[in-house]
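Protein chains: 2
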Amino acid sequence: MKHPDVRLYRAQDYPRMPWRNGGGTTQEVACNPGGSSAAFTWRLSIADVAQDGGFSLFAGLQRIITVLEGTGIALTVDGLAQAPLGPRQAYAFSGDAQVDCRLLGGPIRDFNLIYSPGHHRARLQWIGAADNWTFHSAASTVLLFNAGQALTVWRNGEQLPAPSRYDCLHVEGRAGSAGDELAEYRLACVAGLDACLIELQPRRA
Amino acid sequence: MKHPDVRLYRAQDYPRMPWRNGGGTTQEVACNPGGSSAAFTWRLSIADVAQDGGFSLFAGLQRIITVLEGTGIALTVDGLAQAPLGPRQAYAFSGDAQVDCRLLGGPIRDFNLIYSPGHHRARLQWIGAADNWTFHSAASTVLLFNAGQALTVWRNGEQLPAPSRYDCLHVEGRAGSAGDELAEYRLACVAGLDACLIELQPRRA
Numbered sequence: 004m005k006h007p008d009v010r011l012y013r014a015q016d017y018p019r020m021p022w023r024n025g026g027g028t029t030q031e032v033a034c035n036p037g038g039s040s041a042a043f044t045w046r047l048s049i050a051d052v053a054q055d056g057g058f059s060l061f062a063g064l065q066r067i068i069t070v071l072e073g074t075g076i077a078l079t080v081d082g083l084a085q086a087p088l089g090p091r092q093a094y095a096f097s098g099d100a101q102v103d104c105r106l107l108g109g110p111i112r113d114f115n116l117i118y119s120p121g122h123h124r125a126r127l128q129w130i131g132a133a134d135n136w137t138f139h140s141a142a143s144t145v146l147l148f149n150a151g152q153a154l155t156v157w158r159n160g161e162q163l164p165a166p167s168r169y170d171c172l173h174v175e176g177r178a179g180s181a182g183d184e185l186a187e188y189r190l191a192c193v194a195g196l197d198a199c200l201i202e203l204q205p206r207r208a
Numbered sequence: 004m005k006h007p008d009v010r011l012y013r014a015q016d017y018p019r020m021p022w023r024n025g026g027g028t029t030q031e032v033a034c035n036p037g038g039s040s041a042a043f044t045w046r047l048s049i050a051d052v053a054q055d056g057g058f059s060l061f062a063g064l065q066r067i068i069t070v071l072e073g074t075g076i077a078l079t080v081d082g083l084a085q086a087p088l089g090p091r092q093a094y095a096f097s098g099d100a101q102v103d104c105r106l107l108g109g110p111i112r113d114f115n116l117i118y119s120p121g122h123h124r125a126r127l128q129w130i131g132a133a134d135n136w137t138f139h140s141a142a143s144t145v146l147l148f149n150a151g152q153a154l155t156v157w158r159n160g161e162q163l164p165a166p167s168r169y170d171c172l173h174v175e176g177r178a179g180s181a182g183d184e185l186a187e188y189r190l191a192c193v194a195g196l197d198a199c200l201i202e203l204q205p206r207r208a
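Protein chains in written order, with the working numbering: chain W, 4 to 208; chain U, 4 to 208.
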């Protein structure tokens, strides 16, 4: 029985790219196996936003943004003002939308999932407060982006590499293998959990 | 844009069936649209177990069991003794396995998901302690079985029918409709959440 592919991405290794409009920079956290920052079916990234301005278009893609650091942002999506977003409030919007971002109290850092809904079904949740968290999932891709202190993760009772702050753990099932089957995940952090859990399924499998 | 199909199943309406071996009774909570207690691709049920004994076989199906009431159980699966299960500890096993159940301190009531892994990918999680819980999901089937006090559920900001204790809320997406797209779910209970969340996706869609 083949094990899933488990990778730990370290925050210090994330490449950083300036935006074309000069309003910020993006660090790529992870993307689908075989993908790149230019061509992906899913991608996680961190952005540092230094000034008000527009977001890039990602045609045909779905996005979920969350403020990691800073006071917050106010988004205007296709001309409609949205409720202000403070830290850890995930907000979903279309990559086709015209989005303007206003900083509510100085620069922020945010965390982004951008994916193709034609290729994947997604689930995203911020986990806070609890010091223990358990679930069963058959997701073919499980991503844990840690925004807190050292996180311990078990999969079917086996401890996985421990992500530090802003590290990301990636568990990728292999088609037809154990990674494609239901597994029990358990998360623990003595200081309380502060992590974003993303689960992805192929649309066709 | 079509809305998903939302149903609230009331605990007082669950049909109850005695087991063939006389060791307990089963109440059917819900099953897949078009399914029945004899032929389903997923089913939720509550069982009252009055004495030690064997579980029925469900060939080709995956099971997840959780003790709702009572001290707990010790399962032996295909001859292997498993760790004792107390309340709210979900345990996954194959419906093909030979399972013997020993009561650790008198009769128990348990909650069961039984499904076909060829038809669905599943996710199951018990939600405890927190009084607020938010996630984004594109699951085509979302089930909330409430084991606590009155639960309030919002989907994309719209309040859904409120499940009382042992009621079950069922949100079923319609293919190609909004129910098949990413949605934000928010759960709240002033007394603290005590509910089981089940999300199912079709294997082929």
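We treat Cβ as the ideally placed atom computed from N, Cα and C, and that holds for glycine.
Per-residue contacts from residue i into chain U (C-beta, under 9 Å)
i                            : result
phenylalanine 138 of chain W : Ala93, Arg126, Leu127, Gln128, Trp129, Leu200
alanine 53 of chain W        : Under the 9 Å cutoff, chain U gives no residues; its nearest Cβ is about 27 Å from alanine 53 of chain W.
Heavy atom of the ligand GTP within 7 Å of residue i beta-carbon
i                    : result
serine 39 of chain W : No copy of the ligand GTP appears in this structure; indeed no ligand is present at all.
Residue-chain proximity (residue i, chain U), Cβ-Cβ < 8 Å
i                        : result
glutamate 187 of chain W : yes
alanine 133 of chain W   : yes
glutamine 30 of chain W  : no
Best match in the options for proximity to residue i [C-alpha to C-alpha]
i                         : options                                : result
cysteine 171 of chain U   : U:His139, U:Trp136, U:Phe114, U:Gly160 : U:Phe114
proline 18 of chain W     : W:Pro205, W:Leu190, W:Ser40            : W:Ser40
glutamate 72 of chain W   : W:Ala86, W:Gln85, W:Ala53              : W:Ala53
leucine 163 of chain U    : U:Arg177, U:Glu187, U:Met20, U:Arg66   : U:Glu187
aspartate 99 of chain W   : W:Ser140, W:Gly57, W:Arg105, W:Pro205  : W:Gly57
isoleucine 67 of chain W  : U:Ser167, U:Leu60, U:Tyr169, U:Ala141  : U:Ala141
histidine 139 of chain U  : U:Ile117, U:Ala125, U:Thr79, U:Trp157  : U:Trp157
glutamine 92 of chain W   : W:Gly109, W:Gln128, W:Arg23, W:Ala165  : W:Gln128
asparagine 159 of chain U : U:Gly26, U:Trp22, U:Thr79, U:Glu184    : U:Glu184
histidine 123 of chain U  : U:Gln15, U:Leu154, U:Met20, U:Gly63    : U:Gly63
glutamine 65 of chain U   : U:Phe96, U:Ala42, U:Leu78              : U:Phe96
valine 193 of chain W     : W:Glu202, W:Glu161, W:Pro166, W:Leu154 : W:Leu154
Sequence-distant residues of its chain with Cβ nearer than 7 Å to residue i (five each side left out)
i                       : result
valine 32 of chain U    : Tyr12, Tyr17, Leu47, Ser48, Ile49, Phe148, Cys171
aspartate 55 of chain W : Cys104, Arg105, Leu106
arginine 206 of chain W : Gly121, His122, His123, Arg124
Residue i at chain W interface by Cβ criterion, 8 Å
i                      : result
alanine 141 of chain U : yes
Closer than 9 Å at the beta carbon, the chain W residues around residue i
i                        : result
isoleucine 67 of chain U : His139, Leu185
glutamine 101 of chain U : Going along chain W, no residue has its Cβ under 9 Å from glutamine 101 of chain U, so there is no contact; the nearest lies around 19 Å.
Closer than 7 Å at the beta carbon, the chain W residues around residue i
i                        : result
glutamine 204 of chain U : Arg124, Gln204
Cutoff 6 Å; reference residue i; Cβ partners in own chain excluding five residues on either side
i                        : result
glutamine 101 of chain U : Asp81
glycine 182 of chain W   : Confidence is the limiting factor: at glycine 182 of chain W the pLDDT is only 44, short of 50, which leaves the residue's position unreliable and the question unanswerable from this model.
leucine 3 of chain W     : Since the first residue shown for chain W is 4 and the last is 208, residue 3 of chain W is missing from the structure and cannot be characterised.
histidine 173 of chain W : Arg10, Ala33, Leu146
threonine 28 of chain W  : Arg19, Pro21, Asp51
Own chain residues within Cβ distance below 8 Å of residue i, not counting five before or after
i                         : result
isoleucine 130 of chain U : Trp136, Leu190, Leu196, Asp197, Ala198, Cys199, Leu200
alanine 38 of chain W     : Alanine is not the amino acid found at residue 38 of chain W; the sequence shown has glycine there. Excluding positions up to five away in sequence, the list reads Thr44, Trp45, Arg46.
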